[in-house]
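Enquirer: The UniProt record's numbering applies: residue 1 is where the sequence shown begins, and numbers increase by one.
Just so you know, even glycine gets a beta-carbon here, dropped at the ideal spot from N, CA and C.
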Amino acid sequence: MGNAIISEAYLSAFEEESIERLRYFAPWLSFEPFFRVDKSRSRELGGVGLGLALVNEIVRVHDGSIAIRPNPSGGTIIEVQFAVNRTTA
């Protein structure tokens, strides 16, 4: 049998959204299914508020992490990280 070298790296994806009011709500509430920050936008833009709840579950299943933080220039930054394992023999 040969030896394996395992290295670990992290990928990050940043998505900036212009949901200014998210900063003023408890950020963890946006991971709840069917949560909408602005209920008045439901008919205009569609959707049922499952986006971040689904992302949160996918990230959890893959042992990743997700964080919501204010963007200094306005809006919100949603940071998702997954460990990337690469094996070479």
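May I ask you to list the residues that DSSP assigns as paired with residue 69?
Expert: For this step, residue 69 is matched to residue 69 along the sequence shown. Residue 69 pairs with 77.
Enquirer: Once DSSP output is grouped into helix, strand and coil, what is the label at residue 82?
Expert: For the purposes of this step, residue 82 is taken as residue 82 along the sequence shown, with counting starting at 1. Residue 82: strand per DSSP, three-state reduction.
Enquirer: Taking the alpha helix (DSSP H) that residue 57 belongs to, which residues open and close that run?
Expert: Along the sequence shown, read from residue 1 onward, the residue named residue 57 stands at position 57. Counting along the chain, the alpha helix (DSSP H) containing residue 57 begins and ends at 51-61.
Enquirer: Tell me whether residue 73 is buried or exposed, calling it buried when 16 or more other Cβ atoms sit within 10 Å of its Cβ.
Expert: Your numbering for residue 73 matches position 73 in the sequence shown. Counting Cβ neighbours within 10 Å, residue 73 comes out exposed, since fewer than 16 surround it.
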